[in-house]
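**Student:** There's a structure below that I have some questions on.
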Amino acid sequence: MNLNIGVIKGDGIGPEIVAEAMKVLDQVGKTYGHTCGYTQLLMGGASIDVHGVPLTDETVAAAKSCDAVLMGSIGGDAKTSPWYQLEPSRRPEAGLLRIRKELNLFANLRPAVLYDELKGACPLKEEITEGGFDMMIMRELTGGLYFGERRTVEEDGVMTAYDSLTYNENEIRRIAKRGFDIAMKRRRKVTSVDKANVLDSSRLWRKVVEEVAKGYPEVTLEHMLVDNCAMQLVKDPKQFDVILTENMFGDILSDEASMVTGSIGMLSSASLNETKFGLYEPSGGSAPDIAGKGIANPIATILSAAMMLRFSFDLDKEADAIEQAVERVLKEGYRTIDIMSEGKQQVNTEKMGDLIAGYIR
24 MNLNIGVIKG
34 DGIGPEIVAE
44 AMKVLDQVGK
54 TYGHTCGYTQ
64 LLMGGASIDV
74 HGVPLTDETV
84 AAAKSCDAVL
94 MGSIGGDAKT
104 SPWYQLEPSR
114 RPEAGLLRIR
124 KELNLFANLR
134 PAVLYDELKG
144 ACPLKEEITE
154 GGFDMMIMRE
164 LTGGLYFGER
174 RTVEEDGVMT
184 AYDSLTYNEN
194 EIRRIAKRGF
204 DIAMKRRRKV
214 TSVDKANVLD
224 SSRLWRKVVE
234 EVAKGYPEVT
244 LEHMLVDNCA
254 MQLVKDPKQF
264 DVILTENMFG
274 DILSDEASMV
284 TGSIGMLSSA
294 SLNETKFGLY
304 EPSGGSAPDI
314 AGKGIANPIA
324 TILSAAMMLR
334 FSFDLDKEAD
344 AIEQAVERVL
354 KEGYRTIDIM
364 SEGKQQVNTE
374 KMGDLIAGYI
384 R
């Protein structure tokens, strides 16, 4: 199979970690008889430096011509980078919001898995994490507060800011269906997270999710308020299978889940539209403070590449091979600095990529 992959290396550590994911993909191609064709795309600060804007129309068109897009990380240091002297609509993150909207990437999948080999990196008590855990956070990605109307005005001499949180039933229904579909392939439990005791948008969310649930009698549905969910993630993370939630809540909860797993450098993600197309990226940021030092953890990006093979190309066997290679490297005691523990062997970014690629069988 010819895999037509768009590549956004991005900013900060993005180019370093994407390079290792491409190395692993190329090894998969050699092993299983596929050809990886890459189209290099600019977005974020890298695009600002060249084009003056974080995302061009040409890049959007090129991304749409690909079967999937693999991305690194976007953004820089907000205190020192000249990118953040620009108005908000021209800063790096604006490119990310726009490409999600342009490509209709409404469903964000963020696995949070605690590997048994990394339980020492988890900040929770061992009795809580014994046996590990495996959850999928399903975040609606193109609606809600981040895409609502916003303005800042002066009223009666006082500066006042407005941000609108808006969802319609169709937006909720399509992410709910995707969440229940994913649950059917897992342990068949959905925890829908909202703030229905306060917000009208959450009350509509809960109503529509309950309607969708009727079509999935095999799946257990529970509702949970977002503040309680934040507590339960650190109290008993093993209770969760699929967490289904709106944009801002999902943004916050997925980052919390990343720390419960021990490192955000371990968390992959996929953003899908209504076809097989998806954008795949690590959940972490661009980490400009360690860019160029060769110490970034590439595993999240490599696992994102595995998700790409699974969801956009239906290459489950190849995706399994990557995931098994990651597990083997961890079992053999190799670690990047962010997940390093006593008695293990620390390796740099490139070496971790080499090790994982070497175990693709």
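24 is the number of the first residue of the sequence shown in our numbering; add one for each residue after it. From the three backbone atoms N, C-alpha and C, an ideal C-beta is built for every residue, glycine too.
#1: Nearest to PRO240 by CA position, among ARG211, LEU256, ARG229 and LEU267, is which residue?
#2: In angstroms with no decimal places, state the Cα-to-Cα distance between THR324 and GLU178.
#3: Under a three-way DSSP split, which group does CYS59 fall into?
#4: So, for GLY118: in the same chain, excluding its five sequence neighbours on each side, which residues have a beta-carbon less than 7 Å away from its beta-carbon?
#5: Any contact of the stretch 303-310 with the stretch 88-108, i.e. 3+ C-beta pairs under 8 Å?
#6: Please report how far the alpha carbon of VAL47 lies from the alpha carbon of PHE156, in whole angstroms.
#7: Just to confirm before moving on: does the CB-CB distance between ASN27 and ASP90 stay below 7 Å?
#8: Taking the straight line between their C-alpha atoms, what separation do you get for LEU295 and GLY180?
#9: Whole-angstrom Cβ separation of PHE272 and VAL249, contact assumed at under 8 Å?
#10: Give the C-beta separation of VAL232 and ILE266 to the nearest angstrom, bearing in mind that I take them to be a contact with Cβ-Cβ under 8 Å.
#11: Are the CB atoms of ILE36 and LEU64 within a distance shorter than 7 Å?
#12: Whole alpha helix (DSSP H) runs in the stretch 62-93 with 4 or more residues, listed along the chain?
#13: Exposed or buried, what is GLU103 when buried is set at 16 or more other beta-carbons lying within 10 Å of its beta-carbon?
#14: Spatial neighbours of ALA86 within its chain, please: C-beta separation below 7 Å, excluding the five flanking residues on both sides.
#15: Have a look at GLN255 and LYS237 and give me their C-alpha separation to the nearest angstrom.
#16: When the distance is taken between beta carbons, is GLY167 closer than 7 Å to LEU188?
#17: Between LEU332 and THR175, what straight-line distance do the alpha-carbon atoms span, to the nearest angstrom?
#18: Which one of GLY366, GLY317 and THR268 has the shortest CA to CA distance from PRO38?
#19: Measuring only the C-alpha atoms, how far is VAL370 from ASN220?
#20: Just to check my reading of the structure: MET375 and PRO305 have Cβ atoms closer than 8 Å, yes? What is that Cβ distance to the nearest angstrom?
#21: Compare the C-alpha of SER224 against each of PRO260, THR268 and ALA253 and name the closest.
#22: Give the straight-line distance between the Cα atoms of LYS340 and MET330, rounded to the nearest whole angstrom.
#23: What residue does the beta strand (DSSP E) around LYS32 start on, and which one ends it?
#24: Using CA coordinates, which residue listed in GLU192, GLU172, ARG197 and ASN191 is at the minimum distance from TYR185?
#25: Should the stretch 285-303 be regarded as contacting the stretch 347-365, the criterion being three or more beta carbon pairs within less than 8 Å?
#26: Under three-state DSSP, which class holds TYR107?
#27: Whose C-beta lies closer than 8 Å to the C-beta of LEU353 among residues of the same chain, with five residues either side of it excluded?
#28: What residues in its chain sit with their C-beta under 6 Å from that of VAL136, if we drop five residues either side in the sequence?
#29: My guess is that ALA44 and ALA328 are in contact by the Cβ rule of under 8 Å, so how many angstroms apart are they, rounded?
#30: What do you get for SER281, buried or exposed, if any count of 16 or more other CB atoms within 10 angstroms of its CB means buried?
#31: Any heavy atom of the ligand FAD closer than 6 Å to the CB of LYS340?
#32: Report yes if the C-beta distance between ILE40 and ALA293 is below 7 Å; otherwise report no.
#33: Return the chain-ordered list of same chain residues with a C-beta closer than 7 Å to the C-beta of GLY33, the five sequence neighbours on each side being excluded.
**Tutor:** Straight from the coordinates:
#1: Nearest option by C-alpha distance: ARG211.
#2: Distance between the alpha carbons of THR324 and GLU178 is about 46 Å.
#3: In the three-state reduction of the DSSP assignment, CYS59 falls in the strand class.
#4: Scanning its chain for C-beta atoms nearer than 7 Å, with the 5 sequence neighbours on each side dropped, one finds around GLY118 the residues MET66, GLY67, SER70, PRO77, LEU78 and ILE97, in chain order.
#5: Short answer: they touch.
#6: The straight-line gap from Cα to Cα measures roughly 26 Å.
#7: Annotated as proximal: ASN27 and ASP90, with beta-carbon spacing under 7 Å.
#8: For the pair LEU295 and GLY180, the Cα-to-Cα distance works out to about 44 Å.
#9: Taking C-beta atoms under 8 Å as the contact rule, PHE272 and VAL249 qualify, at a distance of about 5 Å.
#10: Rounded, the Cβ-Cβ distance is 12 Å, inconsistent with contact.
#11: No, Cβ-Cβ distance for LEU64 and ILE36 is not below 7 Å.
#12: Listed in chain order, the alpha helix (DSSP H) elements of length 4 or more contained wholly in the stretch 62-93 are 68-74 and 80-87.
#13: Correcting the residue identity first, residue 103 is Thr in this sequence and not Glu. Taking all protein chains in view, the Cβ of THR103 is surrounded by fewer than 16 other Cβ atoms within 10 Å, so the residue is classified as exposed.
#14: Only GLY29, LEU64, VAL92, ILE122 and LEU126 meet the Cβ criterion.
#15: In this structure, the CA atom of GLN255 is about 26 Å from the CA atom of LYS237.
#16: Closer than 7 Å, so yes.
#17: Approximately 43 Å between the Cα atoms of the pair.
#18: Relative to PRO38, the option among GLY366, GLY317 and THR268 whose CA is nearest is GLY317.
#19: C-alpha of VAL370 to C-alpha of ASN220: approximately 48 Å in a straight line.
#20: With 8 Å as the limit, MET375 and PRO305 do not qualify as a contact, their Cβ atoms being about 13 Å apart.
#21: Out of PRO260, THR268 and ALA253, THR268 has the C-alpha closest to the C-alpha of SER224.
#22: Answer to the nearest angstrom: the Cα atoms are 11 Å apart.
#23: From DSSP, the beta strand (DSSP E) with LYS32 extends over 25-33.
#24: Measuring C-alpha to C-alpha distances from TYR185 to each of GLU192, GLU172, ARG197 and ASN191 identifies GLU172 as the nearest.
#25: These segments touch.
#26: Residue state, collapsed to three classes: helix.
#27: Excluding sequence neighbours, LEU353 sits near TYR138, GLU140 and LEU141.
#28: ASP157, listed in sequence order.
#29: With 8 Å as the limit, ALA44 and ALA328 qualify as a contact, their Cβ atoms being about 4 Å apart.
#30: Label assigned to SER281: buried.
#31: As presented, the structure is devoid of all ligands, the ligand FAD included, so that no description of it is given.
#32: Result no, Cβ atoms of ILE40 and ALA293 do not sit closer than 7 Å.
#33: Counting only Cβ-Cβ distances below 7 Å, and skipping sequence neighbours, we find MET66, GLY67, ALA69, MET94, GLY95, SER96, ILE97 and SER309.
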